[in-house]
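K.L.:
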Amino acid sequence: MKYLFVHRFDRMVGTAARDTLVAFVGPRELDVGAMVGELEKEIDARLVPDELVILCRESVAGEIVRSFSAPGPFRRLQERLLKRTPVTLISFGGNGFEFRRMPLDDGEHVSDVALTDLLRRGATSIFRDHKGFVESTSAYHFRNPSGRHTGRFIRLSNILVRQSEITFVALCALRHIPEDTSVVYVDTPSLFALVAAINDLRASEDALPPVLVDSFRSYDGVDTYAHFRTGGAVALVSASSSGKLAKRLVQRGFDSRRIVHVLFLGEKPETLVAAVDLAFDRQNNPGGFIRTVEADSGAPCSMCANGSIAIPIQGDQFDIAGPQPEPLVIKRTKEHAALSATMARHAGTGTFQINAGRPTRQFAIDAEKVATSESAEKRLAYLAAASIPAKLGHCIVANAESAPFAKRVLDAADSAAPILTREEFEQARAAVEDAFTDPILVVSAVVGSGRQLLDLSRMLRSCPEAPLLYFAGLVVTESTERTQTLTRNLALTHNAAEHPLIIVDQINLPGLAAPNPWDRELAVFDETANRSVPISAEIEQRRERLRQTSVGLEQELFLTNAPGDPLKIQRGFAFWPEGLPDKANTQADVFFTIASILQGLRTGEGRNDRQTLRTEWFYRTLLSPENFGRFNDAVIQASLLRAARPSELDYTDNAQTSAEAARVLRRILESATTPRGEAAAEFLVALATGRLRVAKDDLATVLDGLPPQTPLVDELVALCRSRLLPP
584 MKYLFVHRFD RMVGTAARDT LVAFVGPREL DVGAMVGELE KEIDARLVPD
634 ELVILCRESV AGEIVRSFSA PGPFRRLQER LLKRTPVTLI SFGGNGFEFR
684 RMPLDDGEHV SDVALTDLLR RGATSIFRDH KGFVESTSAY HFRNPSGRHT
734 GRFIRLSNIL VRQSEITFVA LCALRHIPED TSVVYVDTPS LFALVAAIND
784 LRASEDALPP VLVDSFRSYD GVDTYAHFRT GGAVALVSAS SSGKLAKRLV
834 QRGFDSRRIV HVLFLGEKPE TLVAAVDLAF DRQNNPGGFI RTVEADSGAP
884 CSMCANGSIA IPIQGDQFDI AGPQPEPLVI KRTKEHAALS ATMARHAGTG
934 TFQINAGRPT RQFAIDAEKV ATSESAEKRL AYLAAASIPA KLGHCIVANA
984 ESAPFAKRVL DAADSAAPIL TREEFEQARA AVEDAFTDPI LVVSAVVGSG
1034 RQLLDLSRML RSCPEAPLLY FAGLVVTEST ERTQTLTRNL ALTHNAAEHP
1084 LIIVDQINLP GLAAPNPWDR ELAVFDETAN RSVPISAEIE QRRERLRQTS
1134 VGLEQELFLT NAPGDPLKIQ RGFAFWPEGL PDKANTQADV FFTIASILQG
1184 LRTGEGRNDR QTLRTEWFYR TLLSPENFGR FNDAVIQASL LRAARPSELD
1234 YTDNAQTSAE AARVLRRILE SATTPRGEAA AEFLVALATG RLRVAKDDLA
1284 TVLDGLPPQT PLVDELVALC RSRLLPP
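With my numbering applied, the sequence shown corresponds to residues 584 to 1310, in that order.
See the structure below:
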């Protein structure tokens, strides 16, 4: 345990800087050995100061004076100090003001450092050393209880670590506590230790009775706390940058002169009382801090404008709130134009399929069908003619499935270059003595991670003088940034022109780790059957289909409420071009569209006008139940339920959103025999598999007392009740 609080600073005296060492003696009892030992360690580490100031209670000042001139540890300290190093004693009384100031050495020099400056610098040093700020990053900032947005906030409890330092901060506040004070109201229990130190100082110096202390719980309780007795009371505010809490206390009857801010950093009104002003002052507090960048509640926030998330600070100890579920409503933006165009070129061609079960990738792309529509062929032909040189030497395919696509590319470019696999190219390269210098085209119908193209680019380092060109039919990555990174990596060369990647179309989709909802659906149905629960022929047929993992799903992605036609897209789908729903298309086309939209929300940059889907320790966005009303087409609702991550449909932590989701669910289930409830079976599967969750009470509201619907819907309701609401 440290006996002293030792603080050191340079101050200007005339035109010269003076190195001042301050030793604060906090305890009531003097321990000369501990005091001298800690000062010697400081001198060993940072050399002898220009002056030494000992700050103590008046009740121990006399003993320090006597010990300093007597043989013992102080004599040893004096020998360590230079003869020109004056030693000054400053004592304080029970009111916190200076009591006496005198030299301790044989000289007559007395330090002229003001006690207020000494206290301010010392407390600022404690704050800095113990990291009193909780700092934000570029990804998030804070919304404090007053509603202000800030890049950092003060947490007093961070600095109340050592007893000597707590007593020092208590001394800073003591002068603002009138002697007639009988009770102190604090905004946080963290201040109890500080009030205890204040009581100790008052009792030892003036034999004053201890003040009582209670917490009104900051902004959470200032308007409702029922025990304020403002007569003879002082309110202690742990920290502030605005003084707003003090204004609320004035409204509760406090005299503004008896509201003391222990720490303050901001624009300080003349009437505001601050024990420690942390602000930078070139002359009096050069170790202070520049005022924190803040924005008032409702005012434009530059941090929000840059995509930073505002994290709420809650409670009387300024805790960072846990995950704050925030509902998100999907809206069409200009970024969706490219996706709309891509779907216009690929919907109805059979390009997109879903792999059920446990495949290596949930999203399946048929390489032979990529860019086969009339509009896609036209786009491919233009890009091939514009980018592929006439003097093309070779064409390498990234995989065997890309060979038909490569032939169409070469036909469009009117090129007769041979189409080779990697092995065939390496054989051709080994058969000649000179390195190839003619342009080489690398073609891949579908590009995922880009690993195959990168492997080929490394192989082609054996042809350093050959211009390289990469041509992709459909690039499927997790984000636009991933595609850009792949493009940059392939472009690298020491030659005059980079190696371009020509892309016919691209789409962003979740990666390999994305949970497969069809796998989970099969597992739930298998678990039910294994418990010897009777299952219908429809469920049994569904199990059999989901086990056929070698055959992709196109029109059987979603359960229907009753046997009949599959769910189909209706006119007016905002993310498809007008007229596309009337043409041939599949459920897989719709699902790919929704999955890409959600993936864009997960990976996109947040802005004031755009939310993102995030699941982090302190922040979480949910897909608002409102989306199921905005997109009331059953196939879109089903796609949302399966493309969303379970965490994005988990409403259990937000009572209002959970209740809203329950109302939507109930209406859909009650309408299972009408167009409004066509997706009822899919909602029930989402509940049964845990992809969609509401609070338990809300779940009972959804499932209890439902009138009979179709046999399959009734069966799924019973399944959900047995799994989620067991008796």
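Quick reminder that beta carbons are idealized off the backbone N, C-alpha and C, glycines included.
Which same chain residues, not among the five before or five after R1197, have their C-beta less than 6 Å away from its C-beta?
P.N.:
Taken in chain order, the residues that qualify are T1204.
K.L.:
Quick test of your reading: V845 and V767, contact by CB under 8 Å. State the CB separation rounded to the nearest angstrom.
P.N.:
With 8 Å as the limit, V845 and V767 do not qualify as a contact, their Cβ atoms being about 11 Å apart.
K.L.:
Measure the alpha-carbon distance for F651 versus A857 and round it to whole angstroms.
P.N.:
So the two alpha carbons sit approximately 35 Å from each other.
K.L.:
Which of helix, strand or coil does DSSP assign to P686?
P.N.:
Looking at P686 - three-state DSSP - the assignment turns out to be strand.
K.L.:
Provide the residue span of the alpha helix (DSSP H) that contains C887, from first to last.
P.N.:
It spans S885 to A888 - the alpha helix (DSSP H) in which C887 sits, taken as one unbroken run.
K.L.:
Is T1284 helix, strand or coil when you go by DSSP?
P.N.:
In this structure, T1284 counts as helix in the three-state DSSP scheme.
K.L.:
Output the residue ranges of the beta strand (DSSP E) runs that lie fully inside the region 1039-1125 and measure 3 residues or longer, sorted by chain position.
P.N.:
Within the region 1039-1125, the complete beta strand (DSSP E) runs of at least 3 residues are 1051-1060 and 1084-1091.
K.L.:
Pick out the complete beta strand (DSSP E) segments inside the region 729-760, 3 residues or longer, and give them in chain order.
P.N.:
If we require 3 residues or more, the beta strand (DSSP E) runs fully inside the region 729-760 come out as 735-737.
K.L.:
Please state whether the Cβ-Cβ distance between F988 and V953 is less than 8 Å.
P.N.:
Cβ atoms of F988 and V953: closer than 8 Å.
K.L.:
To the nearest angstrom, how far is the alpha carbon of R663 from that of A653?
P.N.:
R663 and A653: Cα-Cα distance of roughly 16 Å.
K.L.:
Going by other Cβ atoms of all chains shown within 10 Å of its Cβ, with 16 needed for buried, is E951 buried or exposed?
P.N.:
The residue is exposed, with fewer than 16 neighbouring Cβ atoms inside 10 Å.
K.L.:
I948 and L1136 - do their beta-carbons sit closer together than 8 Å?
P.N.:
Result no, Cβ atoms of L1136 and I948 do not sit closer than 8 Å.
K.L.:
Could you say which of R1274, I1251 and P1258 lies nearest to L1286 if we only look at CA atoms?
P.N.:
The residue with the shortest Cα to Cα distance from L1286 is I1251.
K.L.:
If we count the other Cβ atoms within 10 Å of its Cβ and call it buried at 16 or more, is Y1053 buried or exposed?
P.N.:
Buried, because 16 or more other Cβ atoms sit within 10 Å of the Cβ of Y1053.
K.L.:
By DSSP, does L1142 sit in helix, in strand, or in coil?
P.N.:
Correct three-state label for L1142: coil.
K.L.:
Mind checking which residues open and close the beta strand (DSSP E) that includes T854?
P.N.:
Here T854 belongs to no beta strand (DSSP E), and DSSP marks it neither H nor E.
K.L.:
Contact defined as beta carbons within less than 8 Å: I believe A930 pairs with N1168. What is the distance between those atoms, to the nearest angstrom?
P.N.:
The Cβ separation is near 5 Å, so the contact holds.
K.L.:
Going by alpha carbons, who is nearest to T598 out of Q866, L1105 and S798?
P.N.:
Answer by Cα proximity: Q866.
K.L.:
Spatial neighbours of E748 within its chain, please: CB distance less than 6 Å, with the 5 preceding and 5 following residues excluded, ordered by chain position.
P.N.:
Excluding sequence neighbours, E748 sits near F588 and I709.
K.L.:
Less than 8 Å between the CB atoms is what I'm expecting for A756 and L743, so what's the real figure, rounded?
P.N.:
About 12 Å separates the two Cβ atoms, so there is no contact after all.
K.L.:
Is A1301 buried or exposed, if buried means 16 or more other CB atoms sit within 10 Å of its CB?
P.N.:
Exposed is the call here.
K.L.:
Using a Cβ-Cβ cut-off of 8 Å (strictly less than) and excluding sequence neighbours within five positions of S1045, which residues of its own chain qualify?
P.N.:
So the qualifying residues of the chain are R1012 and A1018.
K.L.:
Leaving aside the five residues before and after A1074 along the sequence, list all residues of the same chain whose C-beta is less than 8 Å from its C-beta, in chain order.
P.N.:
Contacts found: E1081, H1082, P1083 and L1084.
K.L.:
Between which residues of its own chain and T955 is the CB-CB distance below 7 Å, once the five residues before and five after are set aside?
P.N.:
Closer than 7 Å at the Cβ level, and outside the excluded window around T955, lie T932.
K.L.:
Give me the residue from P792, L784, R659 and R684 with the minimum Cα distance to P610.
P.N.:
Checking every option, the nearest Cα to that of P610 belongs to L784.
K.L.:
Using three-state DSSP, classify F1313 as helix, strand or coil.
P.N.:
Absent from the structure is residue 1313, since the part of the chain shown begins at 584 and ends at 1310.
K.L.:
Among the residues of its own chain, which have a CB less than 7 Å from the CB of A986, if the five just before and after it don't count?
P.N.:
Cβ within range, chain order: V980 and I1002.
K.L.:
In or out: Y586 buried (at least 16 other Cβ within 10 Å) or exposed?
P.N.:
By the neighbour-count rule (16 or more Cβ atoms within 10 Å), Y586 is buried.
K.L.:
Could you please give me the residues that DSSP links to Q661 through a beta bridge?
P.N.:
DSSP lists no partner for Q661.
K.L.:
Could you please give the first and the last residue of the uninterrupted alpha helix (DSSP H) stretch that includes V1300?
P.N.:
Per DSSP, V1300 belongs to the alpha helix (DSSP H) from P1294 to L1307.
K.L.:
Is the Cβ-Cβ distance between A1255 and A1263 less than 8 Å?
P.N.:
Yes, the Cβ-Cβ distance between A1255 and A1263 is below 8 Å.
K.L.:
Contact criterion: CB-CB distance below 8 Å. Does R785 meet it with respect to chain B?
P.N.:
Absence of chain B from the displayed structure is noted, only one protein chain being present.
K.L.:
Just to confirm before moving on: does the CB-CB distance between S1207 and L966 stay below 8 Å?
P.N.:
Contact: no.
K.L.:
L622 by DSSP, collapsed to three states: which one?
P.N.:
Note: L622 maps to helix in three-state DSSP.
K.L.:
What is the rounded straight-line gap between the Cα of P852 and the Cα of L828?
P.N.:
Roughly 14 Å between the two C-alpha positions.
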